[in-house]
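One line per chain: the protein sequences are A and B, in this order. Mapping of the first sequence onto my numbering: residues 1 to 447, in sequence order. Mapping of the second sequence onto my numbering: residues 1001 to 1347, in sequence order. All remarks here apply to the structure that follows.
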Amino acid sequence: MESALALHRFHFAFTITFHYIFVQLTLGLGFLIFLMKILALKTGDERWNEAARFWSKIFAINFALGVVTGIPMEFQFGTNWSRFSKGAGGVIGHTLGMEGLYTFFLESSFLGLMLFGEKRLGQIGHTIATAAVWIGSWMSGYLIVATNAWMQHPTGYHLGPKGEILLNSWWSLVFNEWAFWQYVHTITGGIVTGCFVVCGVGAYYILTKHHPEAGKRFLRLGVPAGALATLLVAFPTGDMQAKLVAKHQPVTLAAMEALFETSKGAPLAILGQPDMDKKRLDNPFIIPGVLSFVAQNRWTAEIRGLNEFPEDTWPDQIPLLYFAFHIMVGLGTLFIAVMASSAVWLWRGKLFEAKPLLWALMMFLPLPYVANTAGWMTTELGRQPWLIYGLLRTAAGTSPHVSSGSATFTLLGFMGMYSMLFMLGLFMIWRELDHGPGTKGEASTGY
Amino acid sequence: MLPVIWFCIVAVMVAMYVVLDGFDLGAGAIHLGVARNDRERRMVLRSIGPVWDGNEVWLLAGGGALYFAFPALYASSFSGFYLPLMIVLWLLILRGCAVEFRSHIDNAVWRPFWDVVFSFASALLAVFFGAALGNVVRGVPLNADGDFFLPLWTDFMPGPNPGILDWYTILIGVFALVTLIQHGSLWVNYKTEGDLQSRARRTAFAAWMAVVALTVVATIASFSIQPKLAQSFAEMPFGYIFPALALAGMSGVAVFLKKGEDLKAFLASAIYIIGMLTSVVFGVFPMVLPTVGDPSTALTIHNASAPEYGLRVGLAWFTPGIILAIGYTTYLYSKFAGKVNLDDAGH
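As structure tokens, then:
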């Protein structure tokens, strides 16, 4: 049973992590393409439409991979987590059902028009179709985050006579306070990925002199948007989420920082490795007081350490959780530095000649993917050992009759298939990048 | 009353899925046979390209409705049908990639590769969906908690120790494939012109004859495997309206195809599918998942449904949502109406 549990967890973690590679770019790039369409309408400059068409081609490949890897997600709640589904389906089935009905129909109907409908619809109609796809993806994001938020911080339910979870307020499920900050944080995280992708490609085009004019255009949009998004993803959205964790999941906060002893003016670790045997942080490089300030807005506030909580309520992967959190925060800080300096150089009119910055923008392209993944790992590992915080343990949520052999079989199947999809996606996107912008007519010539 | 309403809603969503994604699965299954060159294959893909993704959303939306209205059914059936469901997911992934990626590179290796993937995945999906329906009619070995796990096959007999595949579920799988080939051929026949259209038309005729024969065989087999079917029709004779609908659709296909009224022939096929599905659903009602063991363990709309509050509040968000969804679907189909045209840039 123990090994089946680990397999079910890894099965979900692997498939959702892979799916989210595509989701985050959809969230960010859809919005940026919409901005390009708006700029084209406002300035009348056809080259913004050309940029929108180019990015729509990449968007289409990315979106297709997001769709096909998304379908398994909705099924896995039932296939691998049947006891969780039986217990909580009456609650989270609402948000997941609404996602299907309100957002997938919207996205799937307008995607074709976004890709093949520019002439048919005219510029205003085409901008509306682009907006529909973008809004659909953001609505979909909200409903998924609301589902996750309920698992992090269950509200709007009561327990029945046999301990069953009964929804009694749809309103508190959909407008959970946890969902709001988590959502804004997630969306800005997606915009950060979108901006770094647009800027990274732009910088590459300038450095290689491949399509320098298009590259400059990408930076003119991507750098200001990226500077804003990298700030917002930290303050206030990330900060507010940390405060929610401090308030509702204090043991998680302690685990994220590997803080074993309760302390006033608790430090934030910059470096160090959690030692779970000796229950301490090895090689610590710390800034005193910062954790207290982040959690409670006071430099001297008392933060409870792990030792104050029973060990069976500790997250079960503390080192991984600690590193996931620190990688996210560390990268987030670097993103602000790179985007803010690029914005200053852009404003001074010197960015396109500043080779070190162009190189940095290009080399940073993959890093938001790492940061977003690490962020979700912090969320999900931090919730352990609970599947629904305080209500249902992860070990009690699996499908009892799906053996570890079956789970291994399908996990290997997904790993094989997804490795292939990843190479396929990279290959096809690389071809589009190599070809570059300049398409007339439609974003895609279609089937 | 609320569980009955939700049972009907889920049934309608699933029927919508089978009718809509059914034609693009069917078009995929005949893709290699009826479309002989790149031009014709592009025409088949263009006839479904702008709509296949939206069609598949009916499966996800139906799954979502099932999840919150009947969580125990969702949990039991998805974990019990673990292996075939995962294979279905892989086939859906491959097929989606095939449709979307084939056109990106014009190359004598790339395009035929995706054509084969598209066609085989489509045909296998039809067989698997049919076999799934067969499993639901036959029943599964539910335990006292309402759980089960089925291996892919045991001895291929629908006895007390069945597998996903036995002679009965394979029969229904083949039946589903033939039905969707008829449905998909009629769609291609309606959407295209020239040689492609006449080949699709001939395929539709051949498939229709097979459908007639298999309807008889599958009906006899189903009534002998699942006694509840005969009982339902005997107790509630108004239920004969569903098989009558199927028969009307079946005759309609032949009549309209002969007359050359292609859209009507396609719609008749849709009515046939709806008639057959509703007959099955009516036959097993109020069960949603019969059992091959002790009948009291069967999942019904009563012991599998969510509490009343959830079902009531669900209706409140479902109603505007489904109206919007039907609106988008109608708009999309109207935007891409008429015969497909390769010279027109787009879809």
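Glycine is no exception: its CB is placed at the ideal position from the N, C-alpha and C atoms. Computed from a predicted model, the values in this text were never measured in an experiment.
Counting along the chain, the unbroken beta strand (DSSP E) around D275(A) starts and ends at L268 to D275.
Judged by pairs of C-beta atoms under 8 Å, the segment 1113-1126 of chain B does not touch the segment 1268-1285 of chain B, as fewer than three such pairs exist. For V1292(B), no beta strand (DSSP E) run applies, since DSSP gives it neither H nor E.
Looking at G1338(B), T1330(B), F1238(B) and K1339(B), the one whose alpha-carbon comes closest to that of F110(A) is T1330(B). Per DSSP, W1153(B) lies in no beta strand (DSSP E) segment and is marked neither H nor E. In the DSSP annotation of this structure, the continuous segment of the alpha helix (DSSP H) that includes W181(A) starts and ends at E177 to L207.
Nearest in C-alpha terms to R1042(B), of all of A1072(B), I1105(B) and P1003(B), is I1105(B). In the displayed model, D312(A) falls within a helix according to three-state DSSP. Contact annotation, P315(A) with T252(A): C-beta distance approximately 6 Å; criterion of less than 8 Å satisfied. Among the bridge pairs identified by DSSP, V1140(B) is matched with T1291(B).
Looking from the CA of W170(A), the closest CA among A1337(B), A1061(B), M1016(B) and W1317(B) belongs to W1317(B). No residue range can be given for R1036(B), since it is assigned to no alpha helix (DSSP H) and is classified by DSSP as neither H nor E. For G1275(B), not one C-beta of chain A is nearer than 7 Å to its own C-beta. Neighbours of S399(A) across chain B, judged by C-beta separation under 9 Å: A1075, F1078, S1079, G1080, Y1082, D1147 and F1149. With 16 or more other CB atoms across the displayed protein chains lying within 10 angstroms of its CB, K1191(B) is buried. For V1034(B) against A1268(B), the beta-carbon gap comes to about 20 Å, at or over 8 Å, which does not count as contact.
The continuous beta strand (DSSP E) containing I388(A) extends over residues W386 to I388.
For the 7 Å CB-CB criterion, Y418(A) and F12(A) do not form a contact. Taken atom to atom, the span from the alpha-carbon of P161(A) to that of A88(A) is near 15 Å.
Here L101(A) is near A1325(B), since their CB atoms are less than 7 Å apart.
At a C-beta separation below 8 Å, Y447(A) has these neighbours in chain B: R1042, L1045, R1046, G1049, V1099, R1102, S1103 and H1347. Within chain A, no residue has its CB atom less than 9 Å from the CB of F1156(B), the nearest being about 20 Å off. Using a Cβ-Cβ cut-off of 7 Å, D1053(B) counts as an interface residue toward chain A, since at least one Cβ of chain A sits closer than that to its own. Taking the Cβ atoms as the reference, L167(A) lies roughly 50 Å from L346(A), outside the contact range of under 8 Å. Considering only A131(A), V67(A) and F325(A), the residue with the shortest C-alpha distance to Y20(A) is V67(A). Ranked by Cα distance from F414(A), the first of A1144(B), L1092(B) and A1131(B) is L1092(B). Contact between L291(A) and L321(A) fails: their C-beta atoms lie close to 15 Å from each other, not under 8 Å.
Proximity to S1222(B) across F1148(B), L1277(B), P1295(B) and V1137(B) peaks at V1137(B), based on C-alpha coordinates. Under the Cβ criterion of 7 Å, H94(A) is counted among the residues facing chain B.
For L1171(B), the enclosing alpha helix (DSSP H) begins and ends at W1167 to K1191. The Cβ-Cβ distance between P1141(B) and S85(A) does not fall below 7 Å. The three-state reading of DSSP puts E261(A) in coil, since its state is none of H, G, I, E or B. Annotation: the continuous alpha helix (DSSP H) that includes L231(A) extends over P212 to L232. Scanning L29(A), T43(A), R120(A) and G90(A) for the CA closest to the CA of S1334(B) turns up R120(A). In terms of beta-carbon proximity, M1086(B) lines the interface with chain A, with at least one pair separated by less than 7 Å. Taking a cut-off of 8 Å for Cβ pairs, the segment 321-332 of chain A and the segment 253-268 of chain A touch, as three or more such pairs fall below it.
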